[in-house]
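Q: Take this structure, written in structure tokens, and hold onto it; I'll ask about it next.
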């Protein structure tokens with residue numbers, strides 16, 4: 003029989019430093035990978051681990067479930083091999099390198115830039131042995147531990163109960179393979195035996211199998227595979243699996259076990275505050291519980307292979323999963339990078355083959371950002387073919403960046419497809435999302451369309467009564483997500499939607515909204531302690547348990563004109579109580595009620611929103627005379643306490659947006675359609691650039707005869723957002739001058 007010993011400590015040193023004791027799992031970027039500056043340490047770290055003494059007559063292996071990015075393993079000074087890829091399980095045979103006692107494992111890990119994926123992405127690449135490390139001993143006859151990091155037992159179940167089990171024993175001459183399929187209570191529902199071969203196949207029938215049915219009934223079976231010789235057990239492996247059928251229809255979306263199940267959910271990165279990727283099983287379980295609370299039924303596990311424990315939790319909870327590899331953002335030509343995509347996809351599919359939760363293999367994310375090309379197209383088609391060859395039972399998909407044209411050949415590679423669309427954040431208005439989806443569906447009626455990313459930055463300290471794109475407030479994010487949910491609700495053809503993101507996550511290169519080192523599009527904060535207001539509009543739409551949420555708990559000080567109160571709910575109607583007195587009741591429209599001009603008293607007020615005696619929510623608000631500028635995001639390089647500076651406040655108030663006239667809030671494309679506005683923009687922007695760049699220089703060039711999707715993307719940006727990306731040209735002074743000039747030009 004095999005034994006597995008978890009390694010929980012090691013000696014560690016960064017390159018050039020002395021070894022020191024640390025706990026495993028471990029990352030060296032848990033702090034500097036989240037503090038901004040794009041300067042987190044990327045290099046070689048060395049781990050030295052004391053191994054148990056070997057048992058006589060056994061074989062020894064080391065298992066590493068995650069080492070980012072490239073790891074080379076040594077036992078007692080003997081090099082065993084190198085693994086390229088930071089997210090999958092890999093093992094090495096230690097047997098011939100083991101000593102009777104005093105064995106040491108040395109692992110060098112580097113997260114420095116290399117020829118493997120990911121090359122560039124909007125998240126931190128945490129270095130280290132950040133998942134479990136295990137020492138394994140087995141009999142010479144065992145299920146192959148070097149079978150692509152798997153258990154070498156693959157179960158292929160059909161919805162009608164027909165079950166094929168592929169097993170790969172080694173050293174098993176004269177052995178018998180025995181398989182028992184057990185239900186959730188442990189009772190044997192089918193069993194069979196076969197003489198052990200290098201590739202052993204056993205086919206069994208389970209009568210009237212209990213189906214794995216998502217969140218409603220995530221019923222799982224287990225397959226117990228035993229290798230026996232002369233009546234003695236040599237090795238045993240148990241894997242979880244489930245019976246289910248599914249398909250996707252271009253008009254009606256996702257179907258599970260013959261029932262329409264619209265997939266509505268979130269994406270998830272695996273890191274959390276002060277821990278990076280070295281998270282615990284309890285952390286994984288908390289993430290699952292929070293995603294279940296919001297009412298999601300699907301998760302896109304971005305942008306890499308996640309911990310096996312998380313997949314296990316999803317099997318048992320009932321989430322439908324999209325699992326993908328980090329073929330993301332920046333395409334690298336050449337054989338070495340190509341081979342790495344094949345390797346990482348092979349490991350993803352093989353290691354996760356048995357999970358009933360996984361229904362979709364993702365082959366890439368926004369990989370055409372640089373450009374579309376024949377080598378890239380071949381790489382993608384080869385990945386798709388690999389998935390179909392290894393696992394024809396599941397569907398393939400990919401996440402395309404917005405700029406990919408609606409007739410691009412890349413849209414027809416995978417079984418189904420999705421887009422990462424940010425109308426209402428990076429470009430355009432949130433109202434553009436629905437019409438865009440309808441146009442795509444009309445042009446491609448036979449293609450199954452999903453929305454794989456959408457979102458808006460929202461930071462707890464910024465608030466407004468007048469939400470606007472790129473103000474980074476909770477209020478705009480709540481408005482944005484509510485509009486997205488309304489758009490999804492009337493479009494059943496969407497096979498899936500995945501909000502970006504369930505949790506804030508580390509992106510050390512970012513400096514946005516006054517927060518460094520973080521992507522703040524999460525519905526929940528990085529430390530998982532605070533559910534933002536936007537979280538609750540999803541809960542109102544998706545969760546059946548009665549709920550009411552009063553928005554604006556952190557927008558405490560309310561001046562006249564700022565006293566509307568929004569309630570998210572899945573109840574039919576809401577009554578609002580102010581300081582113990584009922585002030586009104588409203589029926590919910592699209593899961594929301596807005597109480598206008600709530601008559602707050604000066605000073606502290608208590609608001610209660612309730613639906614009969616079923617459910618209620620309480621917050622405290624304060625009536626004040628003047629707007630609290632501490633709720634406003636600072637402009638440019640103003641200090642964090644800019645709101646105490648009268649000059650800074652005056653500059654902020656100087657921006658005007660008169661109705662019927664142009665301003666810096668208008669889109670580039672709209673401004674350029676008016677000759678007078680276009681001339682003002684060009685002249686003032688060129689002057690602001692001081693000869694370093696012109697507006698034309700900022701617009702991407704296109705080669706003769708080629709479309710330039712990025713140019714169209716920028717044309718849809720608001721002028722204010724584009725200017726803020728232009729360094730000194732985006733200063734408050736320069737933007738104010740342009741805004742004042744545009745305010746004098748009447749719209750067509």
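Numbering (my numbering), first residue to last: 3 to 750.
C-beta atoms are modelled at their ideal positions from N, C-alpha and C, and glycine is treated no differently.
Only a predicted model underlies this, so the values are computations on that prediction, with no experimental measurement involved.
#1: For residue 706, which residues of its own chain have a beta-carbon under 7 Å away from its beta-carbon, when the five flanking residues on both sides are left out?
#2: Rounded to whole angstroms, what is the Cα-Cα separation between residue 698 and residue 607?
#3: Would you check if the distance between the CB atom of residue 453 and the CB atom of residue 400 is smaller than 7 Å?
#4: Applying the criterion that 16 or more other CB atoms from any shown protein chain within 10 Å of the CB defines a buried residue, is residue 101 buried or exposed?
#5: Apart from the five residues just before and just after residue 73, which ones in its own chain have a Cβ nearer than 6 Å to its Cβ?
#6: Flag this pair as touching only if the stretch 372-389 and the stretch 403-413 have three or more C-beta atom pairs under 8 Å; answer yes or no.
#7: State the DSSP-derived secondary structure class of residue 28, mapped to helix, strand or coil.
#8: What are the partner residues of residue 183, as DSSP defines its beta bridges?
#9: Check the DSSP bridge columns for residue 267 and list the partner residues they point to.
#10: Put residue 208 into one of helix, strand or coil per three-state DSSP.
#11: Verify whether the separation of the beta carbon atoms of residue 16 and residue 47 is less than 7 Å.
#12: Can you tell which of 161, 657, 567, 627 has the C-alpha that lies nearest to the C-alpha of residue 621?
#13: Have a look at the DSSP bridge pairing and note the partners of residue 595.
#14: Would you please state the rounded distance, in angstroms, between the beta carbons of residue 332 and residue 122? I believe it to be under 8 Å.
#15: Let me know the secondary structure DSSP gives residue 133 once reduced to three states.
#16: Am I right that residue 430 and residue 718 are in contact with their C-beta atoms under 8 Å? What's the rounded C-beta distance?
#17: Exposed or buried, what is residue 611 when buried is set at 16 or more other beta-carbons lying within 10 Å of its beta-carbon?
#18: So, using beta-carbon positions, are residue 244 and residue 225 closer together than 7 Å?
#19: For the putative contact between residue 465 and residue 475, defined by C-beta atoms under 8 Å, what is the C-beta separation to the nearest angstrom?
#20: Straight-line CA distance for residue 146 to residue 170?
#21: Apart from the five residues on each side of it in sequence, which residues of its chain come closer than 6 Å, Cβ to Cβ, to residue 527?
#22: Buried or exposed, going by whether 16 or more other CB atoms sit within 10 Å of the CB of residue 197?
#23: From residue 508 to residue 181, what distance separates their C-alpha atoms?
#24: Between the alpha carbons of residue 340 and residue 334, how many angstroms are there, rounded?
#25: Return the chain-ordered list of same chain residues with a C-beta closer than 7 Å to the C-beta of residue 679, the five sequence neighbours on each side being excluded.
#26: Looking only at its chain, what residues have a beta carbon closer than 6 Å to the beta carbon of residue 359, apart from the 5 residues adjacent to it on each side?
#27: Helix or strand or just coil, what does DSSP make of residue 464?
#28: Ignore the nearest five residues each way along the sequence and tell me which others in residue 616's own chain have a CB closer than 8 Å to its CB.
#29: Grab me the residues of residue 628's own chain with a C-beta within less than 7 Å of its C-beta, minus the 5 sequence neighbours each way, in chain order.
#30: What ranges does the beta strand (DSSP E) occupy inside the stretch 40-67, keeping only unbroken runs of at least 3 residues that lie completely in it?
#31: Considering only the alpha carbon of each residue, which of 50, 31, 26, 45 lies closest to residue 18?
#32: Can you tell me where the beta strand (DSSP E) with residue 86 in it begins and where it stops?
#33: In the structure shown, what three-state DSSP assignment does residue 281 receive?
#34: In whole angstroms, what is the alpha-carbon distance linking residue 513 and residue 39?
#35: Tell me which same chain residues have a C-beta within less than 6 Å of the C-beta of residue 60, skipping the five on either side of it?
#36: Please report the distance separating the alpha-carbon of residue 210 from that of residue 190.
A: If we stick to the structure as given:
#1: Its pLDDT being 43, under 50, residue 706 is placed unreliably in this model, and the coordinates cannot settle the point.
#2: With a pLDDT of 42 at residue 698, under the threshold of 50, the modelled position of that residue is not reliable, and the figure given next carries that caveat. The alpha-carbon of residue 698 is positioned some 53 Å away from that of residue 607.
#3: Cβ atoms of residue 453 and residue 400: not closer than 7 Å.
#4: The residue in question, residue 101, is exposed, as its Cβ has fewer than 16 Cβ neighbours within 10 Å.
#5: Setting aside the 5 residues that flank it on each side, residue 73 is surrounded in the same chain by 85, 109, 111, each with a C-beta closer than 6 Å to its C-beta; the list follows chain order.
#6: A contact exists between the stretch 372-389 and the stretch 403-413.
#7: Residue 28 falls in the coil class under three-state DSSP.
#8: In DSSP, residue 183 forms a bridge with 192, 225.
#9: Among the bridge pairs identified by DSSP, residue 267 is matched with 300, 500.
#10: Here residue 208 carries a coil assignment [DSSP, helix/strand/coil].
#11: Cβ distance < 7 Å, so residue 16 and residue 47 count as in contact.
#12: Scanning 161, 657, 567, 627 for the CA closest to the CA of residue 621 turns up 567.
#13: According to DSSP, which records beta bridges pairwise, residue 595 is partnered with 569.
#14: About 4 Å; that satisfies the 8 Å criterion.
#15: Residue state, collapsed to three classes: coil.
#16: About 5 Å separates the Cβ atoms of residue 430 and residue 718, confirming a contact at the 8 Å cut-off.
#17: By the beta-carbon neighbour count (other beta carbons within 10 angstroms, threshold 16), residue 611 is buried.
#18: Not a contact, by the Cβ cut-off of 7 Å.
#19: Yes, they are in contact, since the Cβ atoms of residue 465 and residue 475 sit about 5 Å apart, within 8 Å.
#20: Each residue's Cα considered, the two are about 6 Å apart.
#21: Same-chain partners within the cutoff: 506.
#22: Exposed.
#23: Between the alpha carbons of residue 508 and residue 181 lies a distance of about 44 Å.
#24: Rounded to the nearest angstrom, the gap between the Cα atoms of residue 340 and residue 334 is 8 Å.
#25: Excluding sequence positions up to five before and after residue 679, its CB lies within less than 7 Å of the CB of 664, 673, 744, 747, all in the same chain and listed in chain order.
#26: These residues qualify, in order along the chain: 316, 317, 321, 323.
#27: In the structure shown, residue 464 falls within a coil segment according to DSSP collapsed to helix, strand and coil.
#28: Within the same chain, Cβ atoms closer than 8 Å to the Cβ of residue 616 are found at 548, 573, the five residues on either side in sequence being excluded.
#29: Hits under 7 Å: 561.
#30: The stretch 40-67 contains these whole beta strand (DSSP E) runs: 46-52, 61-66.
#31: Out of 50, 31, 26, 45, 45 has the C-alpha closest to the C-alpha of residue 18.
#32: Its beta strand (DSSP E) spans residues 80-86.
#33: Residue 281: coil per DSSP, three-state reduction.
#34: Distance between the alpha carbons of residue 513 and residue 39: 8 Å.
#35: Here the set comprises 139.
#36: Their backbone Cα atoms lie some 14 Å apart in a straight line.
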